[in-house]
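Residue numbers (numbering that gives the first Met the number 0): 0 to 484.
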Amino acid sequence: MNKTIRRASVFALLLVVSLLVRATWVQFYDGKALADDKDNRRNAIDTYGAPLGNIIVGGRSITGSARTGGSDLAYKRTYTDGKLYAAVTGYASQSYAPTQLEGIYQDVLNGTDSHLKTAMDTITNKRADPGNVVTTIDPDVQKAAYRALGDKKGAAVAIDPATGRILAVVATPSYDPSSLTDADTAGAAWKRLGSDPGKPLVNRALRQPLPPGSTFKLVVAAAALEDGLYSSVDQKTDSPNPYRLPGSTHPLANEDPGAPCADAPIRVALRYSCNNVFGKMAVDLGQDKVRAMADRFGFDDDRQDVPVRAYASVYPKGMDQAQTALSGIGQFDVTATPLQMAMVSAAIANDGKLLSPHMVAQITDSGGDVLKNYDDSPSSRRIISPSTAEQLRSAMRTVVEEGTGTNARIPGATVGGKTGTAQHGENNSKTPYAWFTSYAKSGTSGKEVAVAVMVEQSDAARSEVSGNGLAAPVARAMMQAALKK
């Protein structure tokens with residue numbers, strides 16, 4: 000073979016090898032990327048070529064699938080009581096990426112999760128029948144929260160302290176996920192919802208941290224008791240009234256100028272929500288100790304999955320003493336979600352242990368067989384000692400029985416809580432946020448629940464905005480619904 004032919008043969012062989020390598024690359028690498036591309040319509044055709052699995056609340060499906068007409072997308076998602084459960088389900092849309100539980104468990108719900116495949120499905124490469132997502136949501140507690148919030152802009156979360164099961168997740172104003180499911184109408188609905196000043200697409204319960212105001216005083220009190228700064232909630236504190244912010248001539252005023260806040264014990268300071276006590280207490284502890292306690296409760300955790308990822312609640316760093324004092328009353332740059340403040344009350348109610356909050360109980364296949372049970376072994380961590388938890392529960396009961404949280408009283412139940420009215424806007428120019436976090440225990444069944452409610456805006460006059468006036472009645476309705484069974 001002469002040199003020219005040999006070179007041509009080698010070149011041709013290299014071309015063949017290159018083509019084989021490229022074909023292999025496209026098939027096994029680019030092919031998957033193309034298949035997974037969100038703009039690949041074949042994915043939507045496959046997903047909506049058959050009914051989806053369902054999200055279940057209280058033993059009942061709150062989702063479904065409806066046959067479409069004149070489209071290559073044979074089915075669309077439907078919702079029962081869509082506005083009521085939107086903060087739980089999210090939406091599954093022919094046009095947009097799924098959100099909330101619809102997004103997290105989309106592989107289970109559309110049948111592509113490998114755990115759903117039978118041996119025959121594997122042999123035939125057939126898509127498995129879709130599975131279902133069984134939630135921990137209690138429909139009665141969810142409805143109580145939604146009705147009590149009404150036309151207010153706000154959010155509420157309820158947790159079973161003994162199990163970590165989330166019983167309610169509500170954000171208002173809400174929206175109907177059904178408006179986003181159909182490709183022909185989703186665009187107009189998305190534009191309308193996106194321009195709505197009430198921001199109905201925002202999950203305020205999990206994903207909008209705001210200043211928690213005086214509800215954060217529970218965290219500061221826990222830090223003071225655990226650190227030994229004070230031995231009990233009834234020991235007098237070193238708290239002058241007025242208390243001037245360090246490095247400033249500005250006093251940290253109390254809402255009630257006539258309240259007995261000078262050197263008040265923690266119990267009295269929580270009852271009257273004494274800013275001077277907790278501002279001074281935060282400075283005495285120092286920001287590092289307060290932050291350490293906040294982080295133990297769950298603040299500053301950017302991986303808080305329930306399983307929807309919640310936005311991190313934040314206790315700030317690098318503060319001077321005046322800013323540290325303001326952080327002690329839940330102001331300055333402290334932020335929290337209703338989920339986070341419900342976790343604080345849940346840990347206090349559960350003798351200082353926090354079980355991982357979760358709103359999915361089980362994943363099942365189409366026949367109801369359990370593929371994963373999240374209730375089997377929820378993780379837990381010790382936040383505070385049982386002694387500290389008991390003292391805080393006692394002080395929180397005083398708040399409800401004699402102090403600023405009287406609107407949360409429930410006959411036949413032990414209720415403890417903490418109100419909060421968080422300043423908002425430059426020089427407190429905007430309507431404050433109203434907060435309430437609490438726990439309740441039935442006097443007959445022993446059943447418990449922890450709740451947090453935030454009202455961002457209502458039609459109440461500014462002078463009437465308070466945690467007791469706006470948020471506590473919502474919490475009471477939720478707690479009553481949780482304890483009645």
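Glycine included, each C-beta is placed from N, C-alpha and C at the ideal position.
Model, not experiment: these values are computed from the prediction.
Once DSSP output is grouped into helix, strand and coil, what is the label at M453?
strand
Who are the near neighbours of V169 in its chain, counting only those whose CB is closer than 7 Å to its CB and skipping five residues on each side?
A86, Q141, A144, Y145, L148, A154, A155, A204
Run through the region 377-457 for me and flag every whole beta strand (DSSP E) of 3 or more residues, listed as ranges in chain order.
379-381, 412-423, 429-441, 447-456
Is the region 365-385 touching the region 171-181, taking contact as three or more C-beta pairs under 8 Å?
no
Give the list of continuous alpha helix (DSSP H) stretches no shorter than 4 residues that lie fully inside the region 269-330.
274-284, 286-296, 320-326
Segment limits, alpha helix (DSSP H) that includes L192:
185-194
Measure the alpha-carbon distance for L269 versus P410 and round it to whole angstroms.
22 Å
Could you compute how far the alpha carbon of S8 sits from the alpha carbon of N131?
58 Å
Figure out for me which residue from K483, A421, I61, K279 has the closest Cα to the Cα of R243.
K279
For the beta strand (DSSP E) containing I61, list its first residue and its last residue.
Careful: I61 lies outside any beta strand (DSSP E) and carries neither H nor E.
What is the residue span of the alpha helix (DSSP H) that K151 lies within?
From DSSP, K151 is part of no alpha helix (DSSP H); its letter is neither H nor E.
Considering only C-alpha positions, which residue in the set V307, R308, A293, V305 is nearest to P315?
A293
DSSP state of L469 mapped onto helix, strand, coil
helix
Nonlocal neighbours in the same chain, by C-beta distance under 6 Å from G57, ignoring five residues either side
P138
Determine contact between the region 380-389 and the region 238-254, defined as no fewer than three beta-carbon pairs at a distance below 8 Å.
no
Select from P172, T336, L391 the residue whose C-alpha is nearest the C-alpha of D233.
L391
Using a threshold of 7 Å, state whether the C-beta atoms of A345 and A252 are closer than that.
no
Quick check: what's the CA-CA separation for P199 versus K152?
9 Å
According to DSSP, simplified to helix, strand and coil, what is L224?
helix
According to DSSP, I362 sits in a beta bridge with which residue or residues?
V132, K371
Report the residue from V133, V343, A182, T420 whose alpha carbon sits nearest the alpha carbon of A222.
V343
What does the Cβ neighbour count give for F215, buried or exposed, with the cut at 16 atoms within 10 Å?
buried
Under a Cβ-count criterion, where at least 16 other Cβ atoms within 10 Å of its own Cβ denotes burial, should S326 be classed as buried or exposed?
buried
How far does the alpha helix (DSSP H) with Y84 in it extend, from its first residue to its last?
81-88
My assumption, with CB atoms under 8 Å, is that A263 sits in contact with V276. Please give the rounded CB distance.
5 Å
Are A480 and T135 closer than 7 Å when you measure CB to CB?
no
State the DSSP-derived secondary structure class of L51, mapped to helix, strand or coil.
coil
Report yes or no: do three or more beta-carbon pairs, one from the region 327-343 and one from the region 92-111, lie closer than 8 Å?
no
Name the DSSP bridge partner or partners of P250?
R243
Beta-carbon proximity of T436 to A451, cut-off 7 Å
yes
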